[in-house]
Amino acid sequence: MDFSVKQDVEVEMKSPADEFYNVLKSKIQHLPQSPPTRCTELKCTRVTGNPLDKVEIDEENKSLTFTALEGDLLAHYKSYKATVKITPKPEGCLVKVTVDYDKLNEDVPAPDKYLDFVVNVVKDIDAHILKP
Numbered sequence: 001m002d003f004s005v006k007q008d009v010e011v012e013m014k015s016p017a018d019e020f021y022n023v024l025k026s027k028i029q030h031l032p033q034s035p036p037t038r039c040t041e042l043k044c045t046r047v048t049g050n051p052l053d054k055v056e057i058d059e060e061n062k063s064l065t066f067t068a069l070e071g072d073l074l075a076h077y078k079s080y081k082a083t084v085k086i087t088p089k090p091e092g093c094l095v096k097v098t099v100d101y102d103k104l105n106e107d108v109p110a111p112d113k114y115l116d117f118v119v120n121v122v123k124d125i126d127a128h129i130l131k132p
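Structure below.
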């Protein structure tokens, strides 16, 4: 039986698309430290020399894809991938967060807390960019 699932959510941001994308791609390694309130529920760690995930950057489409290679996520899912795509708008940008995952079995719940986490992080980035 196939337990492949795809979920997505779109969030409107006030930040310009180019600025949002550049902050996201260039500061991604700093997200576990900022803001700390987002990392209390989930462990946001990276083991030196042993990455927990793989990040793919698509400059042309302004998107980043994070693929879990090991860690807690893979205790419940055969695979887990989150993509953040930024689309320019006349004012601000639209951020689409898509998660693709394969459950190990039908009893495994959807990883909603991880999707919520990513949405909250992109909102925090928007607020940070707009901060005077």
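Read the sequence shown against UniProt numbering and you will find it ends at 132, with the numbers running on by one and no gaps. We put the beta carbon where it would ideally sit given N, CA and C, even for glycine. No experiment lies behind these values; they were computed from the predicted model shown.
Among residues of its own chain, excluding the 5 on either side of L73, which ones have a beta-carbon nearer than 6 Å to its beta-carbon?
Closer than 6 Å at the Cβ level, and outside the excluded window around L73, lie Y80.
Counting pairs of Cβ atoms below 8 Å between the segment 8-19 and the segment 101-113, do you hit three or more?
Between the segment 8-19 and the segment 101-113 there are fewer than three inter-stretch CB-CB distances shorter than 8 Å, so the stretches are not counted as touching.
Would you mind giving the Cβ-Cβ distance between V95 and L115, rounded to the nearest angstrom? I have them listed as a contact below 8 Å.
Not quite, the Cβ-Cβ distance comes to about 13 Å (not below 8 Å), so this is no contact.
Does DSSP put V11 in a helix, a strand or coil?
Here V11 sits in strand by DSSP.
Between the Cα of D102 and the Cα atoms of T67, L24, E19 and E60, which residue gives the shortest distance?
Nearest Cα to D102 within the set T67, L24, E19 and E60: T67.
Within a Cβ cutoff of 8 Å, which residues of the same chain sit near L24, ignoring the five residues on either side of it in sequence?
Non-local beta-carbon contacts of L24 in its own chain, meaning distances under 8 Å to residues more than five positions away in sequence, involve L64, V84, I86, V122 and I125 in chain order.
On the CB-based measure, 16 or more other CB atoms within 10 Å of its CB, does P111 come out buried or exposed?
Within 10 angstroms of the beta-carbon of P111 lie 16 or more other beta-carbons, which makes it buried.
Within the 8 Å Cβ cut-off, does F3 reach chain B?
The structure shown contains no chain B, having only a single protein chain.
Rounded to the nearest angstrom, what separates E19 and E60 at their Cα positions?
Taking the straight line from one Cα to the other gives about 15 Å.
When the Cα atoms are used, what is the spatial distance from A127 to G71?
Between A127 and G71, the alpha-carbon positions lie close to 29 Å from each other.
Would you call the CB atoms of V119 and A82 closer than 8 Å?
No, these two residues do not count as a Cβ contact at 8 Å.
Secondary structure of K103, DSSP reduced to three states
Of the three classes helix, strand and coil, the one that applies to K103 here is strand, per DSSP.
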